[in-house]
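Chains A and B, in that order, give the protein sequences.
Here our numbering is used: position 78 in the first sequence is 112, and no number is missing along the way.
Here our numbering is used: position 88 in the second sequence is 113, and no number is missing along the way.
Note sheet for the following structure.
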Amino acid sequence: EAQVTQNPRYLITVTGKKLTVTCSQNMNHEYMSWYRQDPGLGLRQIYYSMNVEVTDKGDVPEGYKVSRKEKRNFPLILESPSPNQTSLYFCASRGLGGTQYFGPGTRLLVL
Amino acid sequence: AQKITQTQPGMFVQEKEAVTLDCTYDTSDPSYGLFWYKQPSSGEMIFLIYQGSYDQQNATEGRYSLNFQKARKSANLVISASQLGDSAMYFCAMREIGGSARQLTFGSGTQLTVLP
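As structure tokens, then:
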């Protein structure tokens with residue numbers, strides 16, 4: 035089954051404790067992205083990647099890091115989480131010119 | 026710069042009736058794609074329908090159709106014969122094909138409630 039998976043689905047953490055949200059797709063897609071969704075703001079892009087070892091900032095990259103060492107994986111790293119990073123996070127992928135498919139989302143609460 | 030506007034924060038529709046969700050966009054790129062996604066209360070983002078800027082006909086997918094009016098820069102989603110399971114948040118999104126490979130830009134969404 036073609037899909038985008040994210041882990042964990044739910045996470046409660048404390049300010050400053052580094053965390054990683056994993057994302058994996060099995061569709062051999064070139065493009066992958068991370069978004070955050072906040073009430074009233076819709077989805078905003080954090081980072082995106084056009085292929086292995088090629089990443090670039092989206093609209094709200096501050097406080098986040100990403101890496102793309104393999105085509106299928108695109109982890110999101112919060113080196114020192116803060117309460118304003120409490121949000122619903124989505125990973126997404128698409129092929130060349132194709133429709134973007136989303137993972138199930140990760141709900142993060144930073145205390 | 027891209028911009029997507031959804032002016033209806035919330036909509037109500039009676040079961041079995043049709044409903045139109047509005048979306049207008051702004052782009053200087055002549056080549057772009059328009060998307061609609063559904064987000065039920067469980068949180069996942071479900072792709073519904075796609076319209077390319079050069080497509081001659083309006084896109085349709087089952088009960089979903091996209092009323093694409095290029096000159097007016099609008100891409101309204103029409104849901105026919107609404108069902109209770111259609112109650113969800115709906116997002117319009119756009120991606121410019123030319124220029125950078127940046128991903129989708131989303132509107133703020135419309136919360137649709139289908140009444141029995």
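Just so it is clear, CB atoms sit at the ideal spot from N, CA and C, and this is done for glycine as well.
The structure presented is a predicted model; accordingly, all values stated were derived computationally and were not measured.
Distance between residue j and residue i (C-alpha atoms, nearest Å)
i       : j       : result
E146(B) : D93(A)  : Nothing about residue 146(B) can be read from this structure; chain B reaches only from 26 to 141.
L59(B)  : A100(B) : 7 Å
A118(B) : K99(A)  : 24 Å
N60(A)  : P138(A) : 14 Å
D43(A)  : S107(B) : Here the sequence assigns Arg to residue 43(A), which means Asp is not the residue at that position. If I take the Cα positions, the gap works out to 30 Å.
Q158(A) : Q81(B)  : Residue 158(A) cannot be examined here, being either before or after the span of chain A that is shown, 35 to 145.
M66(A)  : P73(A)  : 23 Å
T140(A) : E40(B)  : 32 Å
T39(A)  : T45(B)  : 32 Å
T49(A)  : S83(A)  : 27 Å
V139(B) : Q64(B)  : 14 Å
P95(A)  : L137(B) : 31 Å
L145(A) : G97(A)  : 16 Å
I122(B) : T130(B) : 12 Å
Burial state of residue i, where buried means 16 or more other Cβ atoms lie within 10 Å
i       : result
A126(A) : buried
Q94(B)  : exposed
R128(A) : buried
G35(B)  : exposed
G76(A)  : buried
K28(B)  : exposed
S66(B)  : exposed
I80(A)  : buried
A113(B) : buried
A96(B)  : exposed
L109(B) : exposed
Q37(A)  : exposed
Supposed close pair residue i, residue j - CB separation, criterion 8 Å
i      : j       : result
R88(B) : S105(B) : 5 Å
C48(B) : G134(B) : 10 Å between Cβ atoms; not a contact.
K98(B) : Y50(B)  : 5 Å
E64(A) : L130(A) : 6 Å
Within chain A, the residues that residue i reaches when beta carbons sit closer than 8 Å
i       : result
G68(B)  : L122, P138, G139, R141
K134(B) : The sequence shown places Gly at residue 134(B), rather than the Lys named in the question. Near G134(B) (Cβ distances below 8 Å), the residues of chain A are G76.
Y75(B)  : T133
F93(B)  : Here the premise fails: no neighbours, minimum Cβ distance about 16 Å.
Test item: CB-CB of residue i and residue j under 8 Å
i       : j       : result
Y135(A) : W68(A)  : no
K52(A)  : L112(A) : yes
Y79(B)  : S53(B)  : no
E189(A) : V86(A)  : An answer regarding residue 189(A) cannot be provided, because it is not within the stretch 35 to 145 covered by chain A.
Y115(B) : T133(A) : no
P109(A) : V55(A)  : yes
R70(A)  : S121(A) : yes
Partners in chain A for residue i, counting only beta-carbon separations shorter than 7 Å
i       : result
L129(B) : Q134
F37(B)  : Under the 7 Å cutoff, chain A gives no residues; its nearest Cβ is about 20 Å from F37(B).
Closer than 8 Å to chain C by CB, residue i
i       : result
F116(B) : Going by chain labels, chain C is absent from the structure shown, which instead holds the protein chains A and B.
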